[in-house]
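Read through the structure below, which is laid out as structure tokens, and then see the notes.
Protein chains in written order, with the numbering used here: chain A, 11 to 467; chain B, 28 to 340.
In structure tokens, the structure reads:
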């Protein structure tokens with residue numbers, strides 16, 4: 011075991027000491043946070059001022075400067091006593107303060123036109139357009155209520171909102187508060203993380219094996235340690251590099267996120283608690299809160315305060331989630347890494363890996379693709395079988411975990427994964443110890459099969 | 028007395044038999060040459076001795092008992108296909124490989140410093156392997172092989188790829204190791220280095236040991252019965268005198284004349300002298316002892332006679 015430790019040490023240190031490791035660790039958080047910060051900042055600073063000259067050919071007792079409510083520091087309306095053409099000409103002059111002309115034709119209601127026109131010299135943006143439209147609609151709506159003798163205040167008061175709090179009931183009949191959006195985001199996030207980790211570091215293991223084989227150092231090493239120790243040392247060492255990288259990345263992301271949040275939000279005088287998703291922004295698909303790891307589903311949930319999500323988030327079964335994540339993360343990686351190592355040992359250069367990699371990447375990608383269906387229907391047959399089958403379970407099961415998985419399924423899946431890990435490591439070890447000493451030979455599947463039966467020690 | 032004995036080693040690969048009941052006996056403190064054409068099974072045998080692979084049957088005895096995993100710390104191995112991590116620094120890498128052989132970090136570092144001084148390469152310590160020339164890399168590999176001061180050194184084609192200066196450096200170092208009582212096994216195609224360095228040899232051909240023994244004894248045993256005779260006198264009479272019982276292989280006129288003669292049937296050197304004395308004045312007679320090269324070629328190519336080419340002493 012002592013020699014395996016020396017190998018782990020080298021594999022770990024030689025990678026962590028490289029500048030590229032630090033670039034790859036620090037850059038993604040910067041990009042993620044930087045990008046989100048920019049998006050949020052832009053979304054919040056959408057409030058470029060629009061001055062709208064209103065040309066009203068319709069009913070000026072209904073649409074006038076009193077009823078057209080200005081959007082504070084956002085959109086100002088002035089009714090101008092001009093015709094459409096004149097107003098447009100006036101607005102388009104360089105010296106003019108107006109950025110747009112809103113033309114309300116005489117046939118707005120009567121002729122069934124139902125159209126208003128906006129002419130602009132500076133793009134008002136989707137939010138502003140939406141606001142201008144709803145401003146007019148609001149005036150018409152209130153007027154219509156009044157006309158029909160309906161008290162506006164009563165209408166508002168009758169509009170009662172409820173929040174749907176769905177609760178998962180576990181086997182003991184205990185209620186668990188859940189929010190589907192959070193479950194989906196958390197599950198999918200964890201699945202992506204595992205998927206990427208397995209892929210990135212699995213391929214690194216394979217490259218490492220090929221490197222040693224191409225360098226011909228492998229024969230010197232295996233005259234001191236057993237091939238299996240070398241393979242295991244490499245897999246564990248690289249796995250630790252990956253863990254280090256992910257922990258650092260998460261730390262950096264959070265650190266930067268908190269920094270960026272204070273920076274962006276303080277410059278806008280907004281605190282997180284007051285953020286409600288603006289309908290306009292929500293329609294644009296901007297997720298305001300990805301910054302803090304709390305994801306708000308756009309659309310239906312747009313007016314639910316962030317606190318409720320935090321609440322639902324804190325109600326998740328973290329013990330199960332963390333244990334499962336760590337378990338699937340480690341065993342998923344170990345299982346695939348040993349197979350990647352076997353592939354690396356069987357070839358002389360990376361281009362020859364294609365034929366052997368396919369059977370490894372297909373289940374991995376399949377698990378990833380299927381996660382999107384599993385998110386919709388976590389307990390359906392796809393979700394069930396994918397999360398039991400060991401080659402897909404590290405990705406598929408993680409999608410299901412936040413929704414709650416029956417214990418027997420979890421244990422079955424974990425047990426199968428652990429057993430398969432033992433089996434594939436044994437298998438990979440057999441291929442590896444023969445493969446690393448074979449030079450200049452294109453290997454077929456049949457050949458690989460034969461290697462399993464060579465006698466060593 | 029024997030440091031290493033391989034008994035009836037058999038190793039099968041999917042479509043061929045790499046080693047077919049191969050046995051070798053390596054005395055302690057000798058230089059042992061493992062000879063054989065390409066593909067004969069030398070590397071397979073060396074890998075088994077290094078415990079990189081295991082035999083299908085047969086035993087490897089080390090120091091009088093069955094070899095065990097810990098014995099790798101007492102063996103130093105320089106493979107034929109050798110290399111180092113290209114991106115790793117020379118010193119760091121050598122310390123790593125030393126540690127894998129069981130040295131402590133400090134001990135490996137201390138010994139390496141000594142070796143680097145001896146071979147005048149202290150300036151290389153912090154260089155990456157890829158910055159070194161091929162010859163320099165091989166020096167590093169050679170040092171790594173010796174670093175843990177193994178009792179048994181196994182070198183697969185140690186001289187291939189070395190320039191003459193480095194090859195000489197290594198030859199001298201091997202002789203020094205021998206003087207210190209170390210046992211050395213090396214495989215090679217270079218027969219002159221065999222004659223120069225080896226005490227014992229084994230010739231492996233088509234997966235079998237076809238010859239094993241002391242180099243001098245082997246050479247004596249493979250004398251083809253050819254004599255070189257130097258004489259004064261004319262060739263005509265000389266040739267006629269060899270009419271029966273002898274075969275004239277080669278003649279060179281000069282002062283004196285030289286002739287190579289094979290004894291046929293039951294003829295002895297005395298018969299040869301008796302036959303030629305009446306017609307020539309014999310200046311000298313000596314028997315040709317074959318070089319390892321000839322023995323190698325004759326045994327491997329399956330000819331019973333040594334090919335009459337390039338005879339050396």
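Glycine included, every Cβ here is placed at the ideal spot set by N, Cα and C.
Measuring straight from C-alpha to C-alpha, what distance separates residue i and residue j?
{"i": "residue 131 of chain A", "j": "residue 59 of chain A", "result": "13 Å"}
{"i": "residue 248 of chain A", "j": "residue 219 of chain A", "result": "12 Å"}
{"i": "residue 152 of chain A", "j": "residue 113 of chain A", "result": "20 Å"}
{"i": "residue 453 of chain A", "j": "residue 67 of chain B", "result": "22 Å"}
{"i": "residue 260 of chain A", "j": "residue 429 of chain A", "result": "31 Å"}
{"i": "residue 447 of chain A", "j": "residue 252 of chain A", "result": "28 Å"}
{"i": "residue 255 of chain B", "j": "residue 277 of chain B", "result": "9 Å"}
{"i": "residue 298 of chain A", "j": "residue 152 of chain B", "result": "Any reading at residue 298 of chain A is ruled out, since the residue's pLDDT is 38, under 50, leaving its predicted position unreliable."}
{"i": "residue 99 of chain A", "j": "residue 115 of chain A", "result": "18 Å"}
{"i": "residue 405 of chain A", "j": "residue 354 of chain A", "result": "23 Å"}
{"i": "residue 228 of chain B", "j": "residue 87 of chain B", "result": "18 Å"}
{"i": "residue 109 of chain A", "j": "residue 102 of chain A", "result": "8 Å"}
{"i": "residue 358 of chain B", "j": "residue 249 of chain B", "result": "The requested residue 358 of chain B is not part of the displayed model; chain B covers only 28 to 340."}
{"i": "residue 72 of chain B", "j": "residue 83 of chain B", "result": "12 Å"}
{"i": "residue 161 of chain A", "j": "residue 123 of chain A", "result": "27 Å"}
{"i": "residue 403 of chain A", "j": "residue 414 of chain A", "result": "15 Å"}
{"i": "residue 119 of chain A", "j": "residue 125 of chain A", "result": "9 Å"}
{"i": "residue 394 of chain A", "j": "residue 431 of chain A", "result": "20 Å"}
{"i": "residue 89 of chain A", "j": "residue 128 of chain A", "result": "14 Å"}
Is it buried or exposed, residue i, if we count other Cβ atoms within 10 angstroms and call 16 or more buried?
{"i": "residue 246 of chain B", "result": "buried"}
{"i": "residue 463 of chain A", "result": "exposed"}
{"i": "residue 416 of chain A", "result": "exposed"}
{"i": "residue 342 of chain B", "result": "Outside the shown range of chain B (28 to 340) lies residue 342 of chain B, about which nothing can therefore be said."}
{"i": "residue 27 of chain B", "result": "The structure shown does not extend to residue 27 of chain B, since chain B spans only 28 to 340, so no value can be given for it."}
{"i": "residue 35 of chain B", "result": "exposed"}
{"i": "residue 200 of chain A", "result": "buried"}
{"i": "residue 147 of chain B", "result": "exposed"}
{"i": "residue 295 of chain B", "result": "exposed"}
{"i": "residue 142 of chain B", "result": "buried"}
{"i": "residue 169 of chain A", "result": "exposed"}
{"i": "residue 132 of chain B", "result": "exposed"}
{"i": "residue 91 of chain A", "result": "exposed"}
{"i": "residue 98 of chain B", "result": "buried"}
Assuming contact is defined by CB atoms lying nearer than 8 Å, are residue i and residue j in contact in what I supplied?
{"i": "residue 78 of chain A", "j": "residue 65 of chain A", "result": "no"}
{"i": "residue 346 of chain A", "j": "residue 204 of chain A", "result": "no"}
{"i": "residue 272 of chain B", "j": "residue 300 of chain B", "result": "no"}
{"i": "residue 222 of chain B", "j": "residue 51 of chain B", "result": "no"}
{"i": "residue 39 of chain A", "j": "residue 196 of chain A", "result": "no"}
{"i": "residue 461 of chain A", "j": "residue 444 of chain A", "result": "yes"}
{"i": "residue 230 of chain B", "j": "residue 85 of chain B", "result": "no"}
{"i": "residue 182 of chain B", "j": "residue 210 of chain B", "result": "no"}
{"i": "residue 381 of chain A", "j": "residue 79 of chain B", "result": "no"}
{"i": "residue 351 of chain A", "j": "residue 245 of chain A", "result": "yes"}
{"i": "residue 288 of chain B", "j": "residue 253 of chain B", "result": "yes"}
{"i": "residue 232 of chain B", "j": "residue 312 of chain B", "result": "no"}
So what's residue i in DSSP terms, helix, strand or just coil?
{"i": "residue 298 of chain B", "result": "helix"}
{"i": "residue 307 of chain B", "result": "coil"}
{"i": "residue 141 of chain A", "result": "helix"}
{"i": "residue 240 of chain B", "result": "strand"}
{"i": "residue 40 of chain B", "result": "coil"}
{"i": "residue 115 of chain B", "result": "coil"}
{"i": "residue 54 of chain B", "result": "strand"}
{"i": "residue 81 of chain A", "result": "strand"}
{"i": "residue 284 of chain B", "result": "strand"}
{"i": "residue 188 of chain B", "result": "coil"}
{"i": "residue 345 of chain B", "result": "What is shown of chain B runs 28 to 340, which leaves residue 345 of chain B out entirely."}
Mind pulling the chain B residues with CB within less than 8 Å of residue i?
{"i": "residue 449 of chain A", "result": "108"}
{"i": "residue 139 of chain A", "result": "Those do not exist, as residue 139 of chain A stays about 57 Å from chain B at its closest Cβ, beyond 8 Å."}
Starting from residue i, find everything on chain B with Cβ-Cβ shorter than 7 Å and list it in chain order.
{"i": "residue 231 of chain A", "result": "127"}
{"i": "residue 27 of chain A", "result": "Simply none; closest approach about 10 Å."}
Could you list which residues in chain A have their beta carbon closer than 7 Å to that of residue i, in chain order?
{"i": "residue 77 of chain B", "result": "233"}
{"i": "residue 99 of chain B", "result": "233, 234"}
{"i": "residue 112 of chain B", "result": "225, 227"}
Kindly list, in the order they appear in chain A, the residues whose Cβ is closer than 9 Å to that of residue i.
{"i": "residue 115 of chain B", "result": "20, 24"}
List the residues of chain E whose Cβ lies closer than 7 Å to the Cβ of residue i, in chain order.
{"i": "residue 452 of chain A", "result": "The question asks about chain E, but that chain is absent: this structure's protein chains are A and B."}
In chain A, which residues lie less than 8 Å from residue i when you measure between Cβ atoms?
{"i": "residue 123 of chain B", "result": "16, 20"}
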